[in-house]
Amino acid sequence: MDAIYRITDLTKSYPLPGGGLLKKNRKVFRAVDKVSLEINSGDTFGIVGESGSGKTTLARLLLRLIEPTDGNVYYKGRDVFRLNRSELKKTRKEIQMIFQDPYSSLDPRKSIFNIIAEPLKVHKTGSLSDIHTRIVETLELVDLPTSDDFLSKTPGEISGGQRQRIGIARALVLKPEFVVADEPVSMLDASIKAGIIELMTQLKKKINLTYVFITHELALAYHFCNRIAVMYLGEVVETGNIDDVIQSPAHPYTRLLLDSIPPTEPDPDWLDKRFGKSDFSRNAEGCKFFVRCPNPKDSCLHFRPSLSEIKRGHMVACQLG
Amino acid sequence: MSLLSIENLKTHYYTDSGVVKALGGVDLILEKGESVGIAGESGCGKSTLALSLIRLIKNGEIIHGKIRLEGQSLLELPEKEFNRIRWNRISMISQAAMGGLNPVFTIGTQIVEGILQHRKMKKRAAMALARELLRKVEIDPDMVKNYPHQLSGGMKQRAMIAMALALEPDVVIADEPTTALDVVIQAQIIKMLRKLQKEMNLSVLFISHDLSILAQACDRIMIMYGGKCMESGDTATLFKNPQHPYTRALINAFPDLKSRRDKLTGLPGNTPDMTNPPTGCCFHPRCALVKDRCISEQPVRQEINGDHVVYCHFAKPLSEEN
Numbered sequence: 000m001d002a003i004y005r006i007t008d009l010t011k012s013y014p015l016p017g018g019g020l021l022k023k024n025r026k027v028f029r030a031v032d033k034v035s036l037e038i039n040s041g042d043t044f045g046i047v048g049e050s051g052s053g054k055t056t057l058a059r060l061l062l063r064l065i066e067p068t069d070g071n072v073y074y075k076g077r078d079v080f081r082l083n084r085s086e087l088k089k090t091r092k093e094i095q096m097i098f099q100d101p102y103s104s105l106d107p108r109k110s111i112f113n114i115i116a117e118p119l120k121v122h123k124t125g126s127l128s129d130i131h132t133r134i135v136e137t138l139e140l141v142d143l144p145t146s147d148d149f150l151s152k153t154p155g156e157i158s159g160g161q162r163q164r165i166g167i168a169r170a171l172v173l174k175p176e177f178v179v180a181d182e183p184v185s186m187l188d189a190s191i192k193a194g195i196i197e198l199m200t201q202l203k204k205k206i207n208l209t210y211v212f213i214t215h216e217l218a219l220a221y222h223f224c225n226r227i228a229v230m231y232l233g234e235v236v237e238t239g240n241i242d243d244v245i246q247s248p249a250h251p252y253t254r255l256l257l258d259s260i261p262p263t264e265p266d267p268d269w270l271d272k273r274f275g276k277s278d279f280s281r282n283a284e285g286c287k288f289f290v291r292c293p294n295p296k297d298s299c300l301h302f303r304p305s306l307s308e309i310k311r312g313h314m315v316a317c318q319l320g
Numbered sequence: 000m001s002l003l004s005i006e007n008l009k010t011h012y013y014t015d016s017g018v019v020k021a022l023g024g025v026d027l028i029l030e031k032g033e034s035v036g037i038a039g040e041s042g043c044g045k046s047t048l049a050l051s052l053i054r055l056i057k058n059g060e061i062i063h064g065k066i067r068l069e070g071q072s073l074l075e076l077p078e079k080e081f082n083r084i085r086w087n088r089i090s091m092i093s094q095a096a097m098g099g100l101n102p103v104f105t106i107g108t109q110i111v112e113g114i115l116q117h118r119k120m121k122k123r124a125a126m127a128l129a130r131e132l133l134r135k136v137e138i139d140p141d142m143v144k145n146y147p148h149q150l151s152g153g154m155k156q157r158a159m160i161a162m163a164l165a166l167e168p169d170v171v172i173a174d175e176p177t178t179a180l181d182v183v184i185q186a187q188i189i190k191m192l193r194k195l196q197k198e199m200n201l202s203v204l205f206i207s208h209d210l211s212i213l214a215q216a217c218d219r220i221m222i223m224y225g226g227k228c229m230e231s232g233d234t235a236t237l238f239k240n241p242q243h244p245y246t247r248a249l250i251n252a253f254p255d256l257k258s259r260r261d262k263l264t265g266l267p268g269n270t271p272d273m274t275n276p277p278t279g280c281c282f283h284p285r286c287a288l289v290k291d292r293c294i295s296e297q298p299v300r301q302e303i304n305g306d307h308v309v310y311c312h313f314a315k316p317l318s319e320e321n
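Read top to bottom, the protein sequences are chains A and B.
Numbering-wise (numbering that gives the first Met the number 0), the first sequence opens with residue 0 and increments by one.
Numbering-wise (numbering that gives the first Met the number 0), the second sequence opens with residue 0 and increments by one.
As structure tokens, then:
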């Protein structure tokens with residue numbers, strides 16, 4: 000399979016307060032820390048982690064919504080950060096994003112029609128009647144009504160599930176090949192959530208999409224994704240095929256995440272499990288997970304492991320794994 | 000006599016777009032030392048139920064029903080007398096992330112203030128109690144000196160729990176106490192709550208949209224939809240033998256880690272508009288098994304077995320099919 004995205008040593012750091020007048024000794028916070036990944040065409044690639052793990056920053060880097068501190072992102076072999084304005088605009092037609100919050104990511108004063116038409120106008124894709132046809136096609140794709148009455152509604156007049164379908168329609172209207180979905184269902188009720196995931200699964204089959212699916216819900220990723228990367232404090236600590244990672248997790252952090260998910264039926268043993276320490280202080284030199292690891296070795300304090308392959312395609316950054 | 004009993008409770012809100020019939024007649028019993036889960040999606044009335052219990056309904060009122068705490072009827076009490084019940088005998092853990100803590104006072108001050116409202120004791124003794132409470136919720140007692148913004152999300156939630164337990168209330172309402180927390184922290188908090196509940200013999204009403212949390216944290220569960228109870232029963236039975244189509248749909252909508260399903264099953268449609276709730280069974284517009292009778296006739300309470308109760312016309316025939 001060919002990689003649609005190749006990410007090498009990608010780093011994004013933000014300066015921390017302090018460091019004196021000349022900011023020479025300023026400390027930095029690495030939101031994304033030397034991440035290397037390959038995303039293949041046709042993947043539904045899950046990026047999983049707790050808040051602050053850097054998953055959203057990584058997604059924003061993929062679309063070049065922010066500039067990296069270091070490292071490269073290649074989209075179809077071309078360095079995304081070296082594209083000039085017109086090349087970038089052309090590429091952006093192919094790479095789109097679905098946002099987390101269907102309440103604040105849609106302009107409340109715009110009609111449904113205008114919300115979905117905006118990307119088409121930005122990319123000047125034809126006459127008003129072309130735009131109308133395209134919008135109707137896209138709405139049919141996401142199982143929404145296509146009547147003029149519906150098109151003239153504003154986001155406030157429709158339900159949360161419908162709003163997220165509008166968010167998906169807006170991302171798909173330019174017929175992209177690659178879609179980053181940043182926690183697209185985390186604000187939705189369970190019954191609505193499952194419907195949106197079902198829709199995204201169908202869409203992938205219908206129009207050959209490659210997804211990056213960012214979520215904090217490992218169980219959801221398990222059912223939706225074929226490959227996954229688990230992030231901890233800006234680093235990818237484990238990555239591989241979904242079944243390998245979920246069924247034989249090799250990093251203690253992945254195991255902690257899996258153990259913490261309440262089973263979907265009563266399980267008296269679950270409450271007896273240890274759910275780790277909630278210490279988020281960083282170990283500057285060695286393994287970042289050291290302070291929370293259930294059985295670290297002395298060497299973990301000083302040695303920071305990098306990803307190594309334990310099975311074809313299954314990589315883990317842990318000395319103990 | 001049950002510790003807390005709710006009978007046919009109806010609460011309405013008055014809004015510009017009409018009367019929201021948030022609770023349409025809910026019955027519930029909570030025994031001493033028991034943890035009861037209230038499950039449902041947004042708009043099902045679970046938070047209205049909580050707010051009705053502590054009589055803090057804004058822009059609306061309780062229009063019908065009875066709430067009894069150890070036999071004493073609470074809804075008729077004058078506000079001044081009810082003040083002695085609220086927080087003292089019925090307390091609430093709300094979402095810390097949603098502004099449950101005052102940002103300009105230290106954690107200690109806020110806990111002490113709650114205690115001194117209801118107990119005659121020296122401020123120093125109250126502060127000592129506050130420190131003891133923080134130890135109970137497994138955070139550093141010195142945190143009494145900290146302001147909320149200096150605490151992480153998980154610690155804030157623990158501080159909220161400490162506040163709610165300060166007066167050793169009879170009933171603790173936990174309204175989505177782990178929403179907006181990361182999964183590891185969530186697991187720690189559920190585990191701690193369950194431990195405290197057993198140690199202190201607390202009676203807890205645990206409100207959540209997440210069925211899997213309730214499955215671990217509660218002895219019994221009530222499933223709500225459209226301001227009404229759809230099904231209730233002890234936790235194990237409800238998961239083993241769900242009778243209501245909504246309960247089954249909800250259980251199926253949750254992804255699990257046991258085996259990979261080809262697809263998650265969503266429910267078509269949306270949660271009902273409570274200014275104009277559906278006729279008959281309020282779930283009928285989304286029910287896959289809907290019959291004419293469901294549209295015209297409201298289902299009545301049916302006992303399946305002991306305290307396993309369901310409100311569905313076709314509950315029994317369905318179970319025979321399985």
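Glycine included, every Cβ here is placed at the ideal spot set by N, Cα and C.
From a predicted model like this one, the values you see are computed outputs, not experimental measurements.
- Item | Below-8 Å beta-carbon distance, aspartate 266 (chain A) vs any chain B residue | Numbered from its first residue, the first sequence carries residue 266 (chain A) at position 267. Aspartate 266 (chain A) counts as touching chain B.
- Message: Check for me: the alpha helix (DSSP H) holding arginine 88 (chain B) runs from which residue to which?
- Response: Looking up residue 88 (chain B) in the second sequence gives position 89. No alpha helix (DSSP H) holds arginine 88 (chain B); DSSP gives it neither H nor E.
- Message: If we define contact as Cβ-Cβ less than 8 Å, is isoleucine 212 (chain B) a contact residue for chain A?
- Response: Mapped onto the second sequence, residue 212 (chain B) falls at position 213. Closer than 8 Å: yes.
- Message: Does the CB of histidine 250 (chain A) have a neighbour CB from chain B at under 8 Å?
- Response: Taking the first residue of the first sequence as 1, we reach residue 250 (chain A) at position 251. Chain B, which has no Cβ nearer than 8 Å to the Cβ of histidine 250 (chain A), makes this no.
- Message: Give me the chain A residues within the contact set of alanine 346 (chain B), using Cβ-Cβ distance strictly less than 8 Å, ordered along the chain.
- Response: Lying before the first or after the last residue shown, residue 346 (chain B) is absent from chain B, which here runs from 0 to 321.
- Short CB-CB distance (under 8 Å) between histidine 215 (chain A) and chain B: Residue mapping note: residue 215 (chain A) aligns to position 216 of the first sequence, counting from 1. For histidine 215 (chain A), the answer is yes, since a Cβ of chain B falls inside 8 Å of its Cβ.
- Listed from N- to C-terminal order along the chain, which residues in the segment 171-200 of chain A have their beta-carbon within a distance smaller than 8 Å of any beta-carbon of chain B? Within the segment 171-200 of chain A, contact with chain B at the beta-carbon level (separation under 8 Å) is assigned to Asp188, Ala189, Ser190, Ile191, Lys192, Ala193, Gly194, Ile195, Ile196, Glu197, Thr200.
- Query: Relative to the C-alpha of isoleucine 125 (chain B), which residue among B:Glu137, B:Glu131, B:Val111 is closest?
  - Reply: For the purposes of this step, residue 125 (chain B) is taken as the residue at position 126 of the second sequence. Here the sequence assigns alanine to residue 125 (chain B), which means isoleucine is not the residue at that position. Minimum Cα distance to alanine 125 (chain B) is reached at B:Val111.
- Message: Against chain A, does alanine 158 (chain B) count as a neighbour if the rule is that its beta carbon must be under 8 Å from one of theirs?
- Response: Translated into positions along the second sequence, residue 158 (chain B) becomes position 159. So, not an interface residue.
- Residue-chain proximity (alanine 316 (chain A), chain B), Cβ-Cβ < 8 Å: For this step, residue 316 (chain A) is matched to residue 317 along the first sequence. Output row for alanine 316 (chain A): interface = no.
- Item | Neighbour list for aspartate 255 (chain B) in chain A, Cβ cutoff strictly below 9 Å | Your numbering for residue 255 (chain B) matches position 256 in the second sequence. The answer, in chain order, is Ala218, Tyr221, His222, Ile260, Pro262, Thr263, Glu264.
- Query: Does the distance from the CB of cysteine 43 (chain B) to the CB of tyrosine 224 (chain B) come in under 8 Å?
  - Reply: Looking up residue 43 (chain B) in the second sequence gives position 44. Looking up residue 224 (chain B) in the second sequence gives position 225. Yes, the pair counts as a contact, with Cβ atoms nearer than the cut-off.
- Query: Can you tell me whether methionine 159 (chain B) is buried or exposed, with buried defined as 16 or more other CB within 10 angstroms of its CB?
  - Reply: Within the second sequence, residue 159 (chain B) is the residue found at index 160, counting from 1. Burial call: buried.
- Run the CB neighbour count on arginine 164 (chain A), radius 10 Å, all protein chains shown included, and call it buried at 16 or more, exposed below. Your numbering for residue 164 (chain A) matches position 165 in the first sequence. Looking at its Cβ environment, which holds 16 or more other Cβ atoms inside 10 Å, arginine 164 (chain A) is buried.
- Using alpha carbons as the reference points, say which of B:Asn240, B:Val289, B:Val170 lies closest to glutamate 69 (chain B). Here residue 69 (chain B) refers to the residue found at position 70 of the second sequence. The shortest C-alpha separation from glutamate 69 (chain B) is found at B:Val170.
- Cut-off 6 Å between Cβ atoms - residues of its own chain near arginine 311 (chain A), not counting five sequence neighbours on either side: As a first step, residue 311 (chain A) must be located in the first sequence, where it is residue number 312. Excluding residues within five positions, none has a Cβ falling inside 6 Å.
- Give me the Cα-Cα distance between alanine 179 (chain B) and aspartate 100 (chain A), rounded to the nearest whole angstrom. Indexing the second sequence from 1 puts residue 179 (chain B) at position 180. Indexing the first sequence from 1 puts residue 100 (chain A) at position 101. Each residue's alpha carbon lies about 14 Å from the other.
- Give the secondary structure of glutamine 187 (chain B) by DSSP, where H, G and I count as helix, E and B as strand, and everything else as coil. Here the question's residue 187 (chain B) lines up with position 188 in the second sequence. Looking at glutamine 187 (chain B) - three-state DSSP - the assignment turns out to be helix.
- Message: Suppose you measure from the CA of proline 267 (chain A) to the CA of glutamine 215 (chain B); what does that come to, to the nearest Å?
- Response: Taking the first residue of the first sequence as position 1, residue 267 (chain A) is located at position 268. Taking the first residue of the second sequence as position 1, residue 215 (chain B) is located at position 216. Approximately 7 Å, taken between the alpha carbons.
- Item | glutamate 75 (chain B) classed as buried or exposed, judged by whether at least 16 other C-beta atoms fall within 10 angstroms | Walking along the second sequence from the start, residue 75 (chain B) turns up at place 76. Exposed, since its Cβ has fewer than 16 Cβ neighbours within 10 Å.
- Message: My output table needs one value for aspartate 218 (chain B): the three-state DSSP class, helix, strand or coil.
- Response: Position 219 of the second sequence, counted from the first residue, corresponds to residue 218 (chain B). Looking at aspartate 218 (chain B) - three-state DSSP - the assignment turns out to be coil, as it is neither helix nor strand.
- Item | Residues of its chain near lysine 152 (chain A), where Cβ-Cβ distance is below 6 Å and the 5 sequence neighbours each way are ignored | Looking up residue 152 (chain A) in the first sequence gives position 153. Here lysine 152 (chain A) has Ile111 as same chain residues with Cβ atoms under 6 Å from its own Cβ, once five neighbours each way along the sequence are excluded.
- Query: Where does leucine 60 (chain A) land, buried or exposed, given buried means 16+ other C-beta within 10 angstroms?
  - Reply: Numbered from 1 along the first sequence, position 61 holds the residue referred to as residue 60 (chain A). The residue is buried, with at least 16 neighbouring Cβ atoms inside 10 Å.
- Beta-carbon contacts of leucine 73 (chain B) that lie in its chain and below 6 Å, excluding the five residues immediately before and after: Mapped onto the second sequence, residue 73 (chain B) falls at position 74. Excluding residues within five positions, the ones whose Cβ falls inside 6 Å are Ile66.
- C-alpha gap between proline 262 (chain A) and leucine 256 (chain A), whole angstroms: Within the first sequence, numbered from 1, the residue matching residue 262 (chain A) stands at position 263. Within the first sequence, numbered from 1, the residue matching residue 256 (chain A) stands at position 257. Distance between the alpha carbons of proline 262 (chain A) and leucine 256 (chain A): 12 Å.
- Message: Does the CB of histidine 208 (chain B) have a neighbour CB from chain A at under 8 Å?
- Response: Indexing the second sequence from 1 puts residue 208 (chain B) at position 209. So, interface residue.
- Query: Looking at the structure shown, is isoleucine 309 (chain A) part of a helix, part of a strand, or coil, going by DSSP?
  - Reply: Here residue 309 (chain A) refers to the residue found at position 310 of the first sequence. DSSP places isoleucine 309 (chain A) in strand when its eight states are reduced to three.
- Query: Helix, strand or coil: which one does DSSP assign to glycine 265 (chain B)?
  - Reply: Working through the second sequence from its first residue, we reach residue 265 (chain B) at position 266. Of the three classes helix, strand and coil, the one that applies to glycine 265 (chain B) here is coil, per DSSP.
- glutamate 49 (chain A) - DSSP class collapsed to helix/strand/coil: Taking the first residue of the first sequence as 1, we reach residue 49 (chain A) at position 50. Glutamate 49 (chain A): coil per DSSP, three-state reduction.
- Query: Once you ignore the five residues that flank proline 295 (chain A) on each side, which residues in its own chain have a CB closer than 6 Å to its CB?
  - Reply: Indexing the first sequence from 1 puts residue 295 (chain A) at position 296. Hits under 6 Å: Phe289.
- Task: Find the residues of chain B that neighbour serine 151 (chain A), judging by a C-beta separation of less than 9 Å, and give them in chain order.
- Result: As a first step, residue 151 (chain A) is located in the first sequence; it is residue number 152 there, counting from the start. Here the premise fails: no neighbours, minimum Cβ distance about 19 Å.
- Would you mind giving the Cβ-Cβ distance between proline 175 (chain A) and glutamate 93 (chain A), rounded to the nearest angstrom? I have them listed as a contact below 8 Å. Residue numbering aside, residue 175 (chain A) sits at position 176 when the first sequence is read from its first letter. Residue numbering aside, residue 93 (chain A) sits at position 94 when the first sequence is read from its first letter. Between glutamate 93 (chain A) and proline 175 (chain A) the Cβ distance is about 5 Å, and since that is below 8 Å, they are a contact.
- Whose CA, out of B:Arg54, B:Ile62, B:Ile28, lies closest to the CA of lysine 9 (chain B)? Within the second sequence, residue 9 (chain B) is the residue found at index 10, counting from 1. Of the candidates B:Arg54, B:Ile62, B:Ile28, the one whose C-alpha sits nearest the C-alpha of lysine 9 (chain B) is B:Ile62.
- Message: Less than 8 Å between the beta carbons of aspartate 174 (chain B) and methionine 91 (chain B), yes or no?
- Response: Looking up residue 174 (chain B) in the second sequence gives position 175. Looking up residue 91 (chain B) in the second sequence gives position 92. Yes, these two residues count as a Cβ contact at 8 Å.
- Query: How big is the Cα-Cα spacing for valine 299 (chain B) and leucine 52 (chain B)?
  - Reply: Along the second sequence, one-based indexing puts residue 299 (chain B) at 300. Along the second sequence, one-based indexing puts residue 52 (chain B) at 53. Computed Cα separation, rounded: 24 Å.
- My guess is that glutamine 297 (chain B) and cysteine 280 (chain B) are in contact by the Cβ rule of under 8 Å, so how many angstroms apart are they, rounded? Here residue 297 (chain B) is taken as the residue at index 298 of the second sequence, counted from 1. Here residue 280 (chain B) is taken as the residue at index 281 of the second sequence, counted from 1. Right, their Cβ atoms sit about 6 Å apart.
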